[in-house]
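For the protein sequence lines, the chains are A and B, in the order given.
Here numbering that gives the first Met the number 0 is used: position 47 in the first sequence is 46, and no number is missing along the way.
Here numbering that gives the first Met the number 0 is used: position 56 in the second sequence is 55, and no number is missing along the way.
Where a beta carbon is used, it is the ideal one built from N, C-alpha and C, also for glycine.
Everything on this sheet refers to the single structure shown next.
Protein chains: 2
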Amino acid sequence: MDGPVTWQSVRAEALRRIRAREWPPGSQIPHEADLATEFGCARATVNRALRDLAEAGLLDRRRKGGTRVSLTPVRKATFEIAIIRHDIEARGHGYGYQLLSDTCDRPPDTIRKALKLDDTTRMRAVQALHLADGQPFCLEMRWINPALVSADVSFETTSANEWLVRNMSYSGGDFIFYATPADDALAKVLDCAQGAALFAIDRTTFSEQHPITAVTLTYAPGYRMFTQV
Amino acid sequence: MDGPVTWQSVRAEALRRIRAREWPPGSQIPHEADLATEFGCARATVNRALRDLAEAGLLDRRRKGGTRVSLTPVRKATFEIAIIRHDIEARGHGYGYQLLSDTCDRPPDTIRKALKLDDTTRMRAVQALHLADGQPFCLEMRWINPALVSADVSFETTSANEWLVRNMSYSGGDFIFYATPADDALAKVLDCAQGAALFAIDRTTFSEQHPITAVTLTYAPGYRMFTQV
DNA sequence: TGTCACAATATGTCTATACTTATTTTTGTG
DNA sequence: CACAAAAATAAGTATAGACATATTGTGACA
Numbered sequence: 000m001d002g003p004v005t006w007q008s009v010r011a012e013a014l015r016r017i018r019a020r021e022w023p024p025g026s027q028i029p030h031e032a033d034l035a036t037e038f039g040c041a042r043a044t045v046n047r048a049l050r051d052l053a054e055a056g057l058l059d060r061r062r063k064g065g066t067r068v069s070l071t072p073v074r075k076a077t078f079e080i081a082i083i084r085h086d087i088e089a090r091g092h093g094y095g096y097q098l099l100s101d102t103c104d105r106p107p108d109t110i111r112k113a114l115k116l117d118d119t120t121r122m123r124a125v126q127a128l129h130l131a132d133g134q135p136f137c138l139e140m141r142w143i144n145p146a147l148v149s150a151d152v153s154f155e156t157t158s159a160n161e162w163l164v165r166n167m168s169y170s171g172g173d174f175i176f177y178a179t180p181a182d183d184a185l186a187k188v189l190d191c192a193q194g195a196a197l198f199a200i201d202r203t204t205f206s207e208q209h210p211i212t213a214v215t216l217t218y219a220p221g222y223r224m225f226t227q228v
Numbered sequence: 000m001d002g003p004v005t006w007q008s009v010r011a012e013a014l015r016r017i018r019a020r021e022w023p024p025g026s027q028i029p030h031e032a033d034l035a036t037e038f039g040c041a042r043a044t045v046n047r048a049l050r051d052l053a054e055a056g057l058l059d060r061r062r063k064g065g066t067r068v069s070l071t072p073v074r075k076a077t078f079e080i081a082i083i084r085h086d087i088e089a090r091g092h093g094y095g096y097q098l099l100s101d102t103c104d105r106p107p108d109t110i111r112k113a114l115k116l117d118d119t120t121r122m123r124a125v126q127a128l129h130l131a132d133g134q135p136f137c138l139e140m141r142w143i144n145p146a147l148v149s150a151d152v153s154f155e156t157t158s159a160n161e162w163l164v165r166n167m168s169y170s171g172g173d174f175i176f177y178a179t180p181a182d183d184a185l186a187k188v189l190d191c192a193q194g195a196a197l198f199a200i201d202r203t204t205f206s207e208q209h210p211i212t213a214v215t216l217t218y219a220p221g222y223r224m225f226t227q228v
């Protein structure tokens, strides 16, 4: 029970009390200063521990209001969305890449709206296929703001996905995950039956209010996105 | 430029340098102590800022090794998986709930493997439908460890989803997101066409090595899971 | 009774210092 | 030269003290 009091040990004890309902949901827990006295450590150490639990969604903290146990402990599933090549390699498959088309066009309304563009803007449209062991794995349909990416950059051998991750910094964006049936074109490209249930991700990326890119990733049937908490 | 040096301002400046490639990907950045001197603040403040960026995946930090800019800035999409009722209400719909069945059975192999159970264990099987404005929204197919949840608990009016979130603490688990075609039964329950592309989540929950519950949530067509970074 | 100003309070943050720990580099030895 | 022991290093963490900031509560005043 003795030994050095680390913020992790304080967090562990606080977590125990929450789980054991010694601190029931919705109730106020003792102040930092009191806990510091009880645990025999500095207030900063308690602060670190409780802040961590608050970030995890188990506590609600407010100045002057004190700290209370969250009524609805939010589970935050975080998962890493990085380079598709890594995803494929992590699954133990050989990576393949194929550029399907690279044009400049007026994006459809949905894309224009998502990126907050006006009517006239033309964008670079890149379509590419990612392969796992030679089999179609994921279709990347991307619109890129040409003002931010030089036309010299070729996506013949390196995917736009990888190039952008490595070369563009970005501040934010949003993700939409959904299931979609394979239409004619998708079925052909991904080598699956028409109407097959496909997992898809729409991602929009901004850098300080400026639209960078919008992409739809459509995965071949059987794809499973995994994460641990 | 002046004013108090907060850890947020240090983080902002570090972020700017990363984005501006003053600190290029893969390169070492100055030590905490040096940065503290440069910014005119305590090392703890720099530590807080850099730790935050490291958690966000933009920096890699190692003791003695120093801090370097991540080569593959991992995007961590975090989203909140809480109570389905809240999800429906947040979308502006009225919530409805319907218990379909509540039995005790031997779980199928896939579930047994996911929960690391032996052959003989029987589990409580609960099937329920979540409705949005009276329309089927999400089918919850759940297996619960009866050793951890009293048989008295009824899921007639409150969903197992909600009861477990509120009453069971848990330490961890994993999530799998995928797309699946609607089979006969699913199509009937979710009131959609057979073969429709459905978004689904498999979730397994443990508490200190003990399996608590495994659940499959299958959403009606058109469901979109959204998150912002 | 309403409301505005002000005091009280709990968390948020910064500082300076010290010590710990993981890891690399250097040095010493067989 | 190989390998192990020792030194150096940079981040990780703890502490006491101080001040900042948001909120809540309270009391004076109209």
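With a cut-off of 9 Å, does the C-beta of residue i fall near any C-beta of chain A?
i, result
"residue 213/B", "no"
"residue 96/B", "no"
"residue 129/B", "no"
"residue 91/B", "no"
"residue 64/B", "no"
"residue 85/B", "yes"
"residue 71/B", "yes"
"residue 0/B", "No answer about residue 0/B holds up, because its pLDDT of 45 lies below 50 and its placement is not dependable."
Have a look at the options and flag the residue whose alpha-carbon is nearest the alpha-carbon of residue i.
i, options, result
"residue 19/A", "6/B, 109/B and 167/B", "167/B"
"residue 175/B", "84/B, 105/B, 92/B and 217/B", "217/B"
"residue 96/A", "102/A, 145/A and 189/A", "189/A"
"residue 109/B", "118/B, 208/B, 24/B and 98/B", "118/B"
"residue 215/B", "197/B, 221/B and 57/B", "197/B"
"residue 138/A", "99/A, 171/A, 10/A and 66/A", "99/A"
"residue 64/A", "116/A, 27/A, 89/A and 124/A", "27/A"
"residue 210/A", "84/A, 145/A and 134/A", "145/A"
"residue 39/B", "61/B, 9/B and 225/B", "9/B"
"residue 116/B", "194/B, 225/B, 208/B and 227/B", "208/B"
"residue 14/B", "201/B, 220/B, 163/B and 55/B", "55/B"
"residue 72/A", "178/B, 224/B, 162/B and 179/B", "162/B"
"residue 11/A", "50/A, 147/A, 140/A and 88/A", "50/A"
"residue 203/A", "47/B, 226/B, 199/B and 204/B", "226/B"
"residue 57/A", "68/A, 47/A and 48/A", "68/A"
"residue 6/A", "32/A, 33/A and 41/A", "41/A"
"residue 121/B", "24/B, 143/B and 112/B", "143/B"
"residue 147/A", "228/A, 199/A, 43/A and 205/A", "205/A"
Residue i: buried (16+ other C-beta within 10 angstroms of its C-beta) or exposed?
i, result
"residue 158/A", "buried"
"residue 150/B", "exposed"
"residue 93/A", "exposed"
"residue 114/B", "buried"
"residue 30/A", "exposed"
"residue 184/A", "exposed"
"residue 172/A", "buried"
"residue 182/B", "exposed"
"residue 126/A", "buried"
"residue 154/A", "buried"
"residue 36/B", "exposed"
"residue 104/A", "exposed"
"residue 165/B", "exposed"
"residue 70/B", "exposed"
Shorter than 9 Å from the beta carbon of residue i to some beta carbon of chain B?
i, result
"residue 80/A", "yes"
"residue 165/A", "yes"
"residue 223/A", "yes"
"residue 226/A", "yes"
"residue 76/A", "yes"
"residue 56/A", "yes"
"residue 220/A", "yes"
"residue 10/A", "no"
List the residues that DSSP assigns as beta-bridge partners of residue i.
i, result
"residue 101/B", "125/B"
"residue 65/B", "61/B"
"residue 137/A", "129/A and 218/A"
"residue 79/B", "75/A"
"residue 224/A", "176/B"
"residue 147/A", "Per DSSP, none; premise fails for residue 147/A."
Subject >> Near-chain B residues of the segment 25 to 37 of chain A - C-beta to any C-beta below 8 Å >> reply: none
Original post:
Using a Cβ cut-off of 7 Å, which residues of the segment 170 to 186 of chain A contact any Cβ in chain B, in chain order?
Top reply: 171, 172, 173, 174, 175, 176, 177, 178, 179 and 180
Subject >> Residues of the segment 187 to 198 of chain B whose Cβ lies closer than 9 Å to any Cβ of chain A, in chain order >> reply: 194, 195, 196, 197 and 198
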